[in-house]
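In this note's numbering, the protein residues as written are 811 to 1204.
The beta carbon of each residue, even a glycine, is placed where N, CA and C say it ideally should be.
Let me begin by presenting the structure, written as structure tokens, before commenting on it.
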């Protein structure tokens, strides 16, 4: 999971004028740009079921954001948003391991995933280490498998050490001809630092159940994607829940944390190569009417799961259409998304609009994106941004 950025325009007329100009330019640029087709990593086999698979992912972007330059003018920034090294190893057909790193825009290389995998069959498997806890579709997509370029951090606010991860154990499986995917686990959890609510080391418990009404989504483990670019007819409904006693606030003035959401994805193949994609989600975060500590409380660092949980509810809706015609190397996919979060204890309401177009060269492994994003709150001035992004996975 990553954070989102808030953006605004000064008037509705200016916004739509900028949007038309930018998306038109972005579409033309995408048609002219080239990129190499990405592969799914390289595998070295040692015999007797032993192997190592190595891969890489990267996301880089240009952003022009209102009032974001050091002197208060409009910014112009190139960023290496993310570069990841993927490493998977098999000791036997059952005993496996995963190690992934992330170098994000702050320039530091961090542990993303590191877990042992005991994979017995489709219905029952155990992972232990640092991983994505069961949560919402957006978090299980991660930034690389969303339909939109920006992570929906306005509404997707499950606590984590870094990029949605936490240390713990997950039991997961796929049953009923893989139509139903379940994942349940126990994790280190939130605010486990001296002076904060969980200095007694209370565990966080998490679970998710998803049912595929149409075709089964083709994802590893309990992970997800928000678009399959017309490769399948998908209709999946899911429910996720997290709970931690004394999960928010200060020691001695704590509240229990409860977060849950319902998410739905529908993708239907149309017009011999095209696809309509609709996505929606509702979120509820309950802190027992307790204000949480700040993220840096007690000297906590950026990879400590401390602070920042806000009581409230939110929702997102998203729609995309993949044109069936190929233009050059790929296909165009316009995407629109709206997020809204209402914070109960402060009365602050935040909303964000994303208007974008993707140029799909090779699914999630090679794509270009152009986005115009607007964010508003009822407590501060709003902002807007233009984003042009490139994503590759090898």
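Cβ distance (whole Å) where residue i is taken to contact residue j below 8 Å
i, j, result
"residue 1227", "residue 949", "Here the chain comprises residues numbered 811 to 1204, so residue 1227 is not present and cannot be evaluated."
"residue 923", "residue 940", "6 Å"
"residue 1027", "residue 1035", "7 Å"
"residue 992", "residue 983", "6 Å"
"residue 932", "residue 989", "11 Å between Cβ atoms; not a contact."
Distance, residue j Cα to residue i Cα
i, j, result
"residue 904", "residue 937", "11 Å"
"residue 1196", "residue 1145", "15 Å"
"residue 1063", "residue 1007", "7 Å"
"residue 996", "residue 901", "25 Å"
"residue 1178", "residue 961", "16 Å"
"residue 1021", "residue 1052", "19 Å"
"residue 980", "residue 946", "15 Å"
"residue 1173", "residue 1056", "42 Å"
"residue 1147", "residue 858", "48 Å"
"residue 1192", "residue 876", "9 Å"
"residue 1139", "residue 1060", "55 Å"
"residue 889", "residue 870", "6 Å"
"residue 1194", "residue 1162", "10 Å"
"residue 971", "residue 999", "9 Å"
"residue 1025", "residue 1031", "16 Å"
"residue 1075", "residue 1047", "7 Å"
"residue 1190", "residue 879", "18 Å"
"residue 1004", "residue 1167", "46 Å"
"residue 898", "residue 1099", "43 Å"
"residue 1029", "residue 882", "44 Å"
"residue 1077", "residue 935", "28 Å"
"residue 894", "residue 1092", "30 Å"
"residue 1023", "residue 1038", "16 Å"
"residue 1079", "residue 1141", "14 Å"
"residue 1201", "residue 967", "24 Å"
"residue 1107", "residue 1070", "25 Å"
"residue 1042", "residue 860", "32 Å"
"residue 959", "residue 1169", "12 Å"
"residue 1019", "residue 969", "19 Å"
"residue 1159", "residue 912", "32 Å"
"residue 887", "residue 1171", "25 Å"
"residue 864", "residue 955", "19 Å"
"residue 1081", "residue 1149", "29 Å"
"residue 994", "residue 862", "27 Å"
"residue 925", "residue 1058", "27 Å"
"residue 874", "residue 896", "30 Å"
"residue 1012", "residue 963", "25 Å"
Residue i, buried or exposed, once every other Cβ within 10 Å from all chains shown has been counted against 16
i, result
"residue 1119", "buried"
"residue 854", "exposed"
"residue 930", "exposed"
"residue 1126", "buried"
"residue 1016", "buried"
"residue 1136", "exposed"
"residue 1014", "buried"
"residue 973", "buried"
"residue 856", "exposed"
"residue 1040", "buried"
"residue 1156", "exposed"
"residue 1044", "buried"
"residue 985", "exposed"
"residue 1104", "exposed"
"residue 1180", "buried"
"residue 1175", "buried"
"residue 892", "buried"
"residue 1185", "buried"
"residue 852", "exposed"
"residue 1110", "buried"
"residue 1010", "exposed"
"residue 951", "buried"
Beta carbon of residue i nearer than 8 Å to that of residue j
i, j, result
"residue 976", "residue 953", "no"
"residue 927", "residue 907", "yes"
"residue 1084", "residue 1132", "yes"
"residue 909", "residue 1198", "no"
"residue 1087", "residue 915", "no"
"residue 1065", "residue 1097", "yes"
"residue 867", "residue 1203", "yes"
"residue 965", "residue 1101", "no"
"residue 1113", "residue 920", "yes"
"residue 1183", "residue 1164", "yes"
"residue 1067", "residue 1054", "yes"
"residue 1130", "residue 1143", "yes"
"residue 1072", "residue 1049", "yes"
Check: residue i C-beta below 7 Å from any heavy atom of the ligand ADP
i, result
"residue 1149", "With respect to small molecules bound, the structure shown includes none, and the ligand ADP cannot be examined in it."
Can you give, in chain order, each stretch of the beta strand (DSSP E) that sits fully within the stretch 1041-1123 and has at least 3 residues?
1044-1060, 1063-1080 and 1084-1096
Which runs of the beta strand (DSSP E) spanning at least 3 residues fall entirely within the stretch 889-959, listed in chain order?
905-914, 919-929 and 935-941
Jot down the residue ranges of each uninterrupted beta strand (DSSP E) in the stretch 1132-1199, minimum 3 residues, whole runs only, in chain order.
1141-1153, 1159-1172 and 1176-1187
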